[in-house]
Structures are given as structure tokens and as C-alpha cells.
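> Numbering (the working numbering), first residue to last: 1393 to 1605. So that we are looking at the same thing, I have put the structure below in C-alpha cells.
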């Protein structure tokens, strides 16, 4: 069922295109080789018996708007994103969260997520945010959240509004105390390379290049 609530998403400021466009001289977080970290547990929800922390007695249930256990949390997350409230954003994440922003390195844990947001809000501000669709499915102690979004941001230093459309997928995990935290998160743009945000950054880079000639 589609649940009409807004959600927040942010284009990456750590990709090479954005770093070049903004004149950033260093990467604030190093890349992580897949061989440097132990892989997290892989959960197959169709064959989930024996996976620690998963309520295997419950079946997957697509829920209605009024039954959504993470609705208030999602709304709070959206408001925090629009306000640039990094502390509130990080409080929504599990300690072992894994976040996969588009065109960027994977973020492991709250500390790396905080660094990512600090860098982002140094350069951009969210001015409009809405959701085209949202669907939540509960499976035991996990909530699977799929959504589509529309966002508009502006550079803090001034400039044209940047618009983008995208989609996201989050896995929320219920803790022992009954609270829900984002455990896995990823999002991307539905626009092709050369449009939307990418086009804006390309033009900005071209202007900087022409100015140096």
C-alpha cells in the first residue's frame, strides 16, 4: 500500500564530480576495501530460520498507513533532513548501520554517517522534499521500506536550485527495547547521467575550467 508521507534524501558530496565542482582538496573519509572489513550477515527472508535476531515465526506483511510502526520515525527523519539536524539524523541509525549513497563509498557505522552529513550540509541545503510513493513490509523484527522521492536543494554559497527524482530502500531493525533503527539504507537517482544534479555539477565544473584559461 502506498503511504503518502514525505522522505529525505541527499546527493553525495564525496563523489569526484562534486569534489571537483566545489574545489574540495581532500576526501574526508577513506574508501574501504571489501577485504578490509568482515562482511555483515546476509539475510534471506525466504529462508530466515536460524538467523540470530530475526523473528522467524512472523510472516511478511504489507501494512496499511495506520499500522505503520515506523511512520512517525520516518516523518521525524524527514524533518531532521530538511532542518539539517545531524544529531537527530544520526539518532535514527543503528550503531552498526551500513549506508550506500549514490556514486560514493559505503558508510559503516554512525561515525562515518555523521562525517558524510557534516560534509553535505557544509555545501547544500534542502529547500523542498516530497514523496511519490512509499511501501512498508514487516517481517518479524525487520521493516522493509521502499519509496520514491522528489527533492530540491540549493548550494549554501548561492546558485541555482538543483532538482532530482530518486528511489530508496531502507531496512529498519527493531531492537530488544522495542525501538526501531535504520540498519541498512541506500538510494539513487532515476535520472540519467548528464541530467538534473549531474548536469548542474558538470556545468559548474566547466565554468571553473573556462575561468582558469
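Even glycine gets a Cβ: it sits at the ideal position worked out from N, Cα and C. Just so it is clear, the structure is predicted and the values come from calculations on it, not from any experiment.
Relative to the C-alpha of residue 1541, which candidate in 1547, 1520, 1531 has its C-alpha closest?
Looking at the Cα atoms, 1520 is the closest of the given residues.
> When the Cα of residue 1554 is compared with those of 1469, 1560, 1543, 1561, which residue comes out closest?
Among 1469, 1560, 1543, 1561, the Cα nearest to that of residue 1554 belongs to 1543.
> Going by CA-CA distance only, name the one from 1459, 1484, 1494 that's closest to residue 1470.
Of the listed residues, the one whose Cα sits closest to residue 1470 is 1484.
> Taking the alpha-carbon positions, what's the residue 1459 to residue 1525 distance?
C-alpha separation (whole angstroms): 17 Å.
> Thinking C-beta only, is residue 1564 closer than 8 Å to residue 1534?
Cβ atoms of residue 1534 and residue 1564: closer than 8 Å.
> Go through its chain and collect everything with a Cβ distance to residue 1576's Cβ below 6 Å, but skip five positions before and after it.
Result list for residue 1576: 1490, 1563, in chain order.
> Among the residues of its own chain, which have a CB less than 7 Å from the CB of residue 1502, if the five just before and after it don't count?
Correct list, in chain order: 1482, 1485, 1487, 1489.
> DSSP state of residue 1490, grouped into three classes?
Here residue 1490 sits in strand by DSSP.
> Could you tell me the boundaries of the beta strand (DSSP E) in which residue 1568 lies?
Here residue 1568 belongs to no beta strand (DSSP E), and DSSP marks it neither H nor E.
> Drop a sphere of 10 angstroms on the beta-carbon of residue 1552, count the other beta-carbons inside from all chains shown, and report buried for 16 or more, exposed for fewer.
Classification for residue 1552: exposed.
> Locate the beta strand (DSSP E) running through residue 1573, then write down its first and last residues.
Its beta strand (DSSP E) spans residues 1572-1581.
> Let's see if you can read the secondary structure: which residues bound the beta strand (DSSP E) around residue 1462?
It is not in any beta strand (DSSP E) - residue 1462 carries neither H nor E in the DSSP assignment.
> Buried or exposed for residue 1571, going by 16 or more other Cβ atoms inside 10 Å?
Residue 1571 comes out exposed.
> Taking the alpha helix (DSSP H) that residue 1539 falls in, what are its first and last residues?
No alpha helix (DSSP H) holds residue 1539; the beta strand (DSSP E) holding it covers 1534-1547.
> Check the C-beta distance from residue 1478 over to residue 1509 and give it rounded, since I have them as a contact under 8 Å.
The pair is a contact, with the Cβ atoms about 5 Å apart (cut-off 8 Å).
> Could you give the first and the last residue of the continuous alpha helix (DSSP H) run that contains residue 1483?
Run containing residue 1483: 1478-1483, per the alpha helix (DSSP H) assignment.
> Hey, how far is the Cα of residue 1561 from the Cα of residue 1567?
Roughly 20 Å separates the two Cα atoms.
> How should residue 1472 be labelled, buried or exposed, when 16 other C-beta atoms within 10 angstroms of its C-beta is the threshold for buried?
With 16 or more Cβ atoms within 10 Å of its Cβ, residue 1472 is classed as buried.
> If I'm right that residue 1545 touches residue 1574 with Cβ under 8 Å, what's the distance once you round it to whole angstroms?
21 Å between Cβ atoms; not a contact.
> Alpha helix (DSSP H) containing residue 1506: first to last residue?
Unbroken alpha helix (DSSP H) run through residue 1506: 1501-1515.
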